[in-house]
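Chains as they are written, first to last, in this note's numbering: chain A, 150 to 349; chain B, 55 to 239.
C-beta: ideal position from N, C-alpha, C; glycine also.
Report on the following structure.
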Amino acid sequence: MNRSELESILKKARLPQPPEEFWEEFPQQVARQLNRPATETTRSRRNWVPRFAWATVTAVCMVMAFAAGHWRGSVVTPAAPAQDILANAKLVRETLAMFPNQVRAIVEDNHGLHLVLSQNGAVPTSPPLYVRVSDGKTTSSLVTFSGQEIQIAGQKMTVLADAQGGIILMGNDFVWSSDEKTDSDSHLKIEAKSLNLAAL
Amino acid sequence: MARMAPPDDERNWIQNSLAGDTEAFAALVKEHQKMVIALAFRMTGSWADAEDLAQETFLRAFRQLNSFRAESKLSTWLCQIAVNLSLNWRARESRRGEVHSTWSENVITETPAGFPDALSGRVQSALDKLPPKQRAAMVLTVYENHNHAEAAKILNCSEATVSWRVFAARQKLKRLLKGISHEPL
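Here it is as structure tokens:
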């Protein structure tokens, strides 16, 4: 294949064509984003601190409210399993509803509950995933979404979900799959599942 | 062929946008949306990502419009924003590349959803396999019809670097697209 033949093939490739309404709507969609008050537009670095603080306070209040009903007087230690909190579909659903398409992760570890919000644009809508990682000393749990890179148990990982409901965690030096539940080289104990928010 | 707005119209829209007129900016979006979305799609291979990137391109352009120099073309400036956003997107996605390629081995090779024909899908798949900066060089020179000097300004590199990236990209694309019919247009 010579250069002009390659050029010919490349130029013959056409893009998917959306309906005509898309091209009418897109500029208006951009204009709407511009017309939103600054506090409602995509988060900027200078605005995230007070909103993150409110998010944390709100999330903690919600956790305390659920804890009062759920634990019925049980003592919570820093290393206590987080499953009871983040596996609570109602808590997760209400948190996500407060920050639509902005939540990258809800994390619980021995430092408490954290809400990680996107600062670079909307988080694509996808079913939430529950991940729990234990390194033998501490246990961390989080709810996140496919494609998010998160820090858990001292490790940076990318969380991915496939169409069959399998979950993959990719760290710097390991890969874990919910289908195979393997990674004999890692000292981490990992549990992951899709979170069904419709269930209560 | 799409009719381009007269230069005076575009200058007025820019001026009014600088004054905060979002409807004027929407007119600019309408004028350049197809180019920006097409570029973003070629860079990402995903319509959803292209739409998000295009929206982010225009939002960023609005915020930085006072830095746009009127002596250059708005379309080139938008190209630069879109390419840079796409390259940053690609850097985030590159970690998924190995896993996706593993999954894709089990995918039946038929016309990907949304492409009008198999050739278009195959070309996009081949573009997806290029390193991001080589891909950007090809998209700018083949699809946006920039010469190497213009592409170099957009990519903030030397013309020689663009030439090298285009050369390397062509070699790879020839291997990936071997066997496709190449009757002249």
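Please report the distance separating the alpha-carbon of residue i from that of residue j.
i: serine 343 of chain A; j: glycine 261 of chain A; result: 22 Å
i: glutamate 340 of chain A; j: tryptophan 143 of chain B; result: 29 Å
i: asparagine 250 of chain A; j: proline 176 of chain A; result: 21 Å
i: alanine 214 of chain B; j: isoleucine 234 of chain B; result: 30 Å
i: leucine 159 of chain A; j: arginine 224 of chain B; result: 10 Å
i: glutamate 152 of chain B; j: glutamate 85 of chain B; result: Only weak support exists for where glutamate 152 of chain B lies, its pLDDT of 49 falling under 50; the value from the coordinates is given anyway. Straight-line Cα distance between these residues: approximately 38 Å.
i: glutamate 241 of chain A; j: serine 212 of chain B; result: At residue 241 of chain A the sequence reads valine, which differs from the glutamate that was named. For valine 241 of chain A and serine 212 of chain B, the distance between alpha carbons rounds to 49 Å.
i: phenylalanine 122 of chain B; j: tryptophan 131 of chain B; result: 7 Å
i: glutamate 170 of chain A; j: glutamine 178 of chain A; result: 12 Å
i: proline 170 of chain B; j: proline 167 of chain A; result: 11 Å
i: leucine 309 of chain A; j: leucine 155 of chain A; result: 35 Å
i: glycine 315 of chain A; j: phenylalanine 294 of chain A; result: 13 Å
i: valine 177 of chain B; j: lysine 161 of chain A; result: 9 Å
i: lysine 232 of chain B; j: leucine 173 of chain B; result: 12 Å
i: serine 71 of chain B; j: arginine 185 of chain A; result: 16 Å
State yes or no: is the C-beta of residue i within less than 9 Å of the C-beta of residue j?
i: tryptophan 172 of chain A; j: glutamine 109 of chain B; result: no
i: alanine 94 of chain B; j: serine 129 of chain B; result: no
i: valine 252 of chain A; j: threonine 244 of chain A; result: yes
i: methionine 23 of chain B; j: cysteine 133 of chain B; result: No statement about residue 23 of chain B is possible, as the shown extent of chain B runs from 55 to 239 and does not include it.
i: phenylalanine 248 of chain A; j: leucine 235 of chain A; result: no
i: alanine 302 of chain A; j: aspartate 258 of chain A; result: yes
i: leucine 51 of chain B; j: leucine 194 of chain B; result: Because chain B in this structure spans residues 55 to 239, residue 51 of chain B falls outside the shown range and cannot be described.
i: threonine 98 of chain B; j: alanine 104 of chain B; result: yes
i: alanine 180 of chain B; j: leucine 227 of chain B; result: yes
i: threonine 76 of chain B; j: alanine 271 of chain A; result: no
i: phenylalanine 116 of chain B; j: leucine 318 of chain A; result: no
Which residues of chain A have a Cβ atom closer than 8 Å to the Cβ of residue i, listed in chain order?
i: glutamate 77 of chain B; result: Ala180
i: valine 177 of chain B; result: Ile158, Leu159, Lys161, Ala162
i: glutamine 188 of chain B; result: Within chain A, no residue comes near glutamine 188 of chain B; the closest Cβ sits about 13 Å away, beyond 8 Å.
i: phenylalanine 122 of chain B; result: Simply none; closest approach about 16 Å.
When burial is assigned at 16 or more other CB atoms within 10 Å of the CB, is residue i buried or exposed?
i: phenylalanine 221 of chain B; result: exposed
i: serine 327 of chain A; result: buried
i: proline 277 of chain A; result: buried
i: arginine 219 of chain B; result: buried
i: histidine 200 of chain B; result: buried
i: glutamine 118 of chain B; result: exposed
i: aspartate 182 of chain B; result: buried
i: serine 153 of chain A; result: exposed
i: alanine 231 of chain A; result: For alanine 231 of chain A, the predicted model reports a pLDDT of 46, less than 50, meaning its position is unreliable and no value from the coordinates is stated.
i: arginine 65 of chain B; result: exposed
i: serine 126 of chain B; result: exposed
i: serine 275 of chain A; result: exposed
Using a C-beta to C-beta distance shorter than 9 Å, which residues of chain A count as neighbours of residue i?
i: lysine 232 of chain B; result: Met150
i: serine 212 of chain B; result: Residues of chain A passing the Cβ test: none, with the nearest at roughly 22 Å.
i: serine 174 of chain B; result: Lys161, Ala162, Arg163, Leu164, Pro165
i: tryptophan 101 of chain B; result: Leu164, Pro165, Pro167
For a contact defined as C-beta to C-beta under 8 Å, what are the partners of residue i on chain B?
i: leucine 183 of chain A; result: Thr76, Phe79, Leu113, Phe116
i: alanine 271 of chain A; result: Asp106
i: leucine 155 of chain A; result: Arg224, Leu227, Lys228, Leu231, His236
i: glutamine 177 of chain A; result: Ala80
Counting only Cβ pairs nearer than 8 Å, list the residues of chain E close to residue i.
i: tryptophan 172 of chain A; result: Looking at the structure shown, chain E is missing, and the protein chains on hand are A and B.
Identify the contact partners of residue i in chain A, using a Cβ-Cβ distance below 7 Å as the criterion.
i: alanine 92 of chain B; result: Leu164
i: glycine 168 of chain B; result: Pro165
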